[in-house]
Amino acid sequence: MHSLLNKILILSTIVVLFSLLYLGGRVLVADQFIIPTWSMSPTLVAGDRVVVNKLIMGARLYTDFDFKQNGQELKSIRMKGLRGLRHNDIVVFNYPQVGGRIAFKINYVYCKRCVALPGDTLSIVNGIYKNNNYGDTLGLHTVQLRLAAVDETQYSAEARAVYPFDARVGWTFKNMGPLYIPRKGDIMTLTPKEGTVYKVLLEFETGKRVTVNWDKDLVLLDGKPTNRYEWTNNYYFMAGDNVFDSMDSRYWGLVPEDYIVGVVQMISYSKDKETDTIKWERTFLER
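In short: position in the sequence shown from 1, add 58, done, that's my numbering.
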């Protein structure tokens, strides 16, 4: 009887230890996510299972577990990582927009390519991504060349419009920027254009309502005129490789650093979404 109890105790201990190691690994080291759309095609396709390395930037540890469906402030600390993000890293992050504001929703993640880091200035010129701090190709140049060949005038003004969706800024899905990517500690002069472009970020950081008066050349925070602001967060521009069919930073803005989950390292395996069969040719592919 004692021998049986000892075996059960040992087995239970092993199960608990393995469970803790598994959960700890997912939280601190790496996790797997399913790619649901074709926005990163052909690099990643719908049905791919990607392994996301959390050691690179450092894993996030939540300090508040009161997660709400309509989003809330993210409260977490980040462990020391191996390095920061680099240009062209493929990244999994929490989608930052909820009802026109930046808010955190647990388990609501996107996967895109990082094409601009804090301190960069990004432009999309006739469909081609250009970065003042990075001379090589960003994303898939061949797909961007196809976008360059598209006649924008075939689309309505609404279809062409991108973030911040203001005609006075005048950006479109193939001609956008220059857009400076805020870096923690940067001090920015606020004109009506900056107030419009960075409105959501300013409201996120200050908790104040931002209004812009173009006629009087004013940016107001809770009704108080403001012409300078020091940024308290780092931000990133994320873009899908499939520039024709990707809801990315062109449409919803920049990603705060705290919202980044980790960097995609590989495709562990892939399933055809229609037949539910494994695509063996997409097994253990590094990305």
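We treat Cβ as the ideally placed atom computed from N, Cα and C, and that holds for glycine.
Assignment of beta-bridge partners to Y153 by DSSP yields no partner.
If you check the CB distance, V103 and Q90 do not come in under 8 Å.
Contact check for K266 and L276: beta-carbon distance about 14 Å, past the 8 Å limit, so the pair fails to qualify.
Note on geometry: alpha-carbon atoms of E261 and R159 lie some 8 Å from one another. When DSSP assignments are scanned along the segment 114–177, the uninterrupted stretches of beta strand (DSSP E) that are 3 or more residues long and fall wholly within it turn out to be 118–120, 134–136, 148–152 and 167–174.
In the same chain as T284, and ignoring 5 residues on each side of it, the C-beta atoms closer than 8 Å to its own belong to L248, V277 and L278, in chain order. For S181, the three-state secondary structure derived from DSSP is strand. The alpha helix (DSSP H) runs lying completely inside the segment 202–235 and spanning 4 residues or more are 215–218, given in chain order. In the structure shown, the three-state DSSP call for V268 is strand.
Spanning the alpha carbons of D330 and K126 requires a straight line of approximately 33 Å. The beta carbon of V313 sits closer than 6 Å to the beta carbons of F151, P154, Y294 and M296 from its chain, once the five residues preceding and following it are set aside; these are given in chain order. Around the C-beta of F162, 16 or more other C-beta atoms lie within 10 Å, and the residue is accordingly described as buried. Shortest Cα-Cα distance from K274 to any of W289, V301, E288 and P250 involves P250. Within the model, the alpha-carbon separation for N146 versus T335 is close to 30 Å. Counting only the Cα atoms, Y238 lies some 18 Å from D194. The three-state secondary structure of T341, taken from DSSP, is coil.
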